[in-house]
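Worksheet: the structure to be examined is printed underneath.
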Amino acid sequence: MSKLCMLSEAIATHVHDGDCLYAAGFTHLIPFAAGHEIIRQQRKDLTLARATPDLIYDQMIAAGCARKLIFSYKGNPGVGSLRIARREIEVGNLEWEEYSHFGMISRLQAGATGLPFIPMKQTAATDLEQVNPNYRRVVDPYSGNEVIVLPPLHPDVAIIHVQRADENGDAHVWGIIGEQKEAAFAARTVILTAEEIVDESVIRSDPNRTLIPGFIVDAVCHVPFCAHPSYTQGYYDRDNAFYLAWDDISKTPESTQAYLDEWVFGVKDRAEYWEKMGAETRDSLKVKDRFSLPVNYGEY
Amino acid sequence: MSYSAAELMIVNSARMLQDGDTVFVGVGQPNLACNLARRTHAPNLLMIYEAGVIGAQPARLPLSIGDPTLVSGAASVCSMYDIFSFYLQRGNVDVGFLGGAQIDRFGNINATVIGDYHHPKVRLPGSGGAMEIAAWANRCYIMTPHQKRRFPEKVDFCTSAGFLDGRKSREAAGVRGAGPEAVITNLGILKPDRDGELVLAAVHPGASVEAAIENTGWALKVADDLVTTQPPSEEELRILHDELDPQGIYLK
Chain A
1 MSKLCMLSEA
11 IATHVHDGDC
21 LYAAGFTHLI
31 PFAAGHEIIR
41 QQRKDLTLAR
51 ATPDLIYDQM
61 IAAGCARKLI
71 FSYKGNPGVG
81 SLRIARREIE
91 VGNLEWEEYS
101 HFGMISRLQA
111 GATGLPFIPM
121 KQTAATDLEQ
131 VNPNYRRVVD
141 PYSGNEVIVL
151 PPLHPDVAII
161 HVQRADENGD
171 AHVWGIIGEQ
181 KEAAFAARTV
191 ILTAEEIVDE
201 SVIRSDPNRT
211 LIPGFIVDAV
221 CHVPFCAHPS
231 YTQGYYDRDN
241 AFYLAWDDIS
251 KTPESTQAYL
261 DEWVFGVKDR
271 AEYWEKMGAE
281 TRDSLKVKDR
291 FSLPVNYGEY
Chain B
301 MSYSAAELMI
311 VNSARMLQDG
321 DTVFVGVGQP
331 NLACNLARRT
341 HAPNLLMIYE
351 AGVIGAQPAR
361 LPLSIGDPTL
371 VSGAASVCSM
381 YDIFSFYLQR
391 GNVDVGFLGG
401 AQIDRFGNIN
411 ATVIGDYHHP
421 KVRLPGSGGA
431 MEIAAWANRC
441 YIMTPHQKRR
451 FPEKVDFCTS
461 AGFLDGRKSR
471 EAAGVRGAGP
481 EAVITNLGIL
491 KPDRDGELVL
501 AAVHPGASVE
511 AAIENTGWAL
521 KVADDLVTTQ
531 PPSEEELRIL
541 HDELDPQGIY
551 LK
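Quick note, the sequences are listed as chains A and B, same order.
Counting in this note's numbering, the first sequence runs from 1 upward without gaps.
Counting in this note's numbering, the second sequence runs from 301 upward without gaps.
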């Protein structure tokens, strides 16, 4: 059954005020277009969960979509601070819940596998345990040693960007796969965005590359360049210059609002955003081909 | 001849790596140190990135921890859960690199908050992978500029465990890694003594013991066998400037 729809429809149908959202992707495949659409539809009181909030959540916080942030590294990767998230936390406007990367991912892994928790070894750094009551210790019944546990995370909605998917939502992903599968299986609803919509036969030609099976997907949206200024391996490069530029843009509420007015509210969708980006930027992010060799699955 | 703070820190960190080490690489200066080591004395260095890349051979300077250049040509790519569990927690990582806003007398690191946690004066990015790297890598190196505010007697918040209150307290906590082996600064190298207290073990050419003491927030002891590090060689500097970071982004 085809689950194809416009991204605006998918957001309107599946993302509600007060939801817990997990926009997946570790540096790679971050679904910025979905974040922008949520901003355009002016969702409120969201709990935004991501290992690295990245610019997508900084922008959503700036636009007033968020009540709470769940994270494990709140920086602008390769640049420095996420100014807006930092400021809102420092002035007490934004609730937050904090983990290490492994803690965050183990919450998703537990959620994705239907377990009450996934035990982790101790790290001897106990300060985070002191300030986040979700951190607990239980006794390993075999060794008698304590292990660290965290409850499962079940986002209301996960948004997963992929290179290619068929209309059922079976999706191929390559490059850094971060926490995409875990977020998708942990969530109650999955919105999939794809650079390309391909025939089912393309997916079935290489089933080992299918990271997300269609039956857990609720909506499939064809959104080329969805991840910019993040990237899609083999399709376009990360816009490192924009990550640097955001450090300036996010310095004042006025310059941040001007950005949102021009690049989020000022465009209808991702296609218009990408057109507006201009030929020079688009060309600078093109990547040269480097193909993998095909494998022989055999005819049986 | 004078060297930049970054050059001194990168070259001396690279020299700490052994051929055959499996190293958990961070972006920026640690990445340069590892790639320098791989091009000089440690051609069999296995570079793992927390984004889930194993055996990376980056063709260009990675500008983020998840740069696509890490993937193309790598030996393997896995999920974040796998990299932290199969690789780090299982004990398959020899070396971790760490940094932070504060490093204290016992090598504990704060990358979380200055001031009270619930009412932060300065809210820093937080752990990322650092909490587990510090605990589970066989040995850790910390790269940081040598400034008094970065070296307090005790960190405001312990994001990553060094020796806690001393080597015995880390042992009592029962974590698998041996803890910080060296702190590489622009002035010299600090190493833990028998009790786990960081002492000045080396100074770089042109740097003084007095400057190191003055820029440390506790009464820094000087090791009996204090040495002066070898200056960066022409070849090391050539690789850094010509091959690894031609725009000098991380070399200032």
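Ideal Cβ placement from N, Cα and C applies to all residues, glycine included.
Bear in mind the structure is a predicted one, so any value in this text is a computation, not a measurement.
Below-8 angstroms beta-carbon distance, residue i vs any chain B residue
i	result
Y73/A	yes
Y231/A	yes
N145/A	yes
G35/A	no
D237/A	yes
G178/A	yes
N168/A	no
H161/A	no
A124/A	yes
S2/A	no
D127/A	yes
N93/A	no
Residue i (DSSP reduced to helix, strand or coil)
i	result
P207/A	helix
M6/A	coil
F397/B	strand
L293/A	coil
F324/B	strand
I549/B	coil
L336/B	helix
H161/A	strand
S376/B	strand
H446/B	coil
E97/A	strand
F386/B	helix
K276/A	helix
N240/A	helix
T47/A	strand
I216/A	helix
S313/B	helix
E254/A	helix
Beta carbon of residue i nearer than 8 angstroms to that of residue j
i	j	result
I38/A	I11/A	yes
A461/B	A435/B	yes
L46/A	L21/A	yes
E453/B	G517/B	yes
D404/B	V483/B	no
L345/B	E536/B	no
L153/A	L108/A	yes
R423/B	I89/A	yes
L285/A	D239/A	yes
V395/B	Y349/B	no
G111/A	A186/A	yes
L94/A	I61/A	yes
8 angstroms Cβ cutoff, residue i in contact with chain A
i	result
G352/B	yes
R449/B	no
F384/B	yes
L464/B	yes
D319/B	no
A435/B	yes
P562/B	Outside the modelled stretch of chain B, which goes from 301 to 552, sits residue 562/B, for which no answer is possible.
E510/B	no
C440/B	no
V327/B	yes
Cβ neighbour criterion (16 or more within 10 Å) applied to residue i
i	result
L500/B	buried
D166/A	buried
P229/A	buried
R43/A	buried
V325/B	buried
G479/B	buried
T13/A	exposed
A502/B	buried
F406/B	buried
V371/B	buried
P141/A	exposed
Closest residue to residue i among the options (Cα-Cα distance)
i	options	result
P532/B	H541/B, I414/B and D525/B	H541/B
D17/A	L153/A, P133/A and V157/A	V157/A
C5/A	L128/A, H222/A, S255/A and L94/A	H222/A
A194/A	P207/A, I159/A and G178/A	I159/A
F26/A	G352/B, R315/B, I310/B and G320/B	G352/B
Y381/B	P505/B, G474/B and E432/B	E432/B
D19/A	P155/A, V162/A, S292/A and D261/A	P155/A
T252/A	A85/A, N208/A, I70/A and K288/A	A85/A
Y297/A	I249/A, P207/A and V198/A	P207/A
V527/B	V509/B, L520/B and A519/B	V509/B
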